[in-house]
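Student: Okay, here's the structure, questions in a sec.
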Amino acid sequence: QVQLVESGGGLVQPGGSLRLSCTASATIVSLNLMGWSRQAPGKGRELVASITPTGDTHYAGSMKDRFTISGNNAENTVYLQMSSLKPEDTAVYYCWMSSTGSPYDYWGQGTQVAVSS
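As numbered in the numbering used here, residues 43 to 159 make up the sequence shown, in order.
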């Protein structure tokens with residue numbers, strides 16, 4: 043069973059930066075989309091960013107200028123570089139991967155990001 047393992051979360055001051063990483067425990071065949079979502083306390087899960095195997099990216103409007111998603115399709119890894127972090131960015135961040143070979147998306151266990159002075 044494929045698992046996604048995330049790392050890089052933590053506590054950071056407002057204006058700071060963090061880089062999240064996510065790697066699949068085994069090869070995901072026919073990967074067609076990778077991304078990150080987040081869930082803040084008391085709120086629903088929301089999309090942060092996504093990236094296709096060809097490198098096309100999509101960002102939620104409020105994060106477009108501060109976050110950068112990148113990935114390596116062949117290695118089944120995806121990254122999220124976050125800068126100019128704000129307290130409202132505090133959330134559990136989840137990576138996910140979608141494959142045409144599976145009816146289910148793969149999700150990581152989540153990594154906590156806390157932005158506070």
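C-beta atoms are modelled at their ideal positions from N, C-alpha and C, and glycine is treated no differently.
Just so you know, these numbers come straight off a predicted model, no measurement behind them.
1) In the DSSP output, what is Val117 paired with across the bridge?
2) Whether or not the region 114-121 and the region 98-106 are in contact is what I'm after, with contact meaning three or more pairs of Cβ atoms, one per stretch, closer than 8 angstroms; do they touch?
3) Is it the case that the region 124-135 contacts the region 82-96, given that we only count it when at least three CB pairs across the two stretches are under 8 angstroms?
4) Over the uninterrupted beta strand (DSSP E) stretch that includes Tyr135, give me the two end residues.
5) Please classify Ala116 as buried or exposed, where buried requires at least 16 other C-beta atoms within 10 Å of its C-beta.
6) Starting from the C-beta of Val47, find all residues in its chain whose C-beta is less than 6 angstroms away, skip the five residues before and the five after it, and write them out in chain order.
Tutor: According to the structure data:
1) The sequence given here places Glu at residue 117; Val does not occur at that position. Note: Glu117 sits in no beta bridge, so no partner.
2) no
3) yes
4) 133-141
5) exposed
6) Thr65
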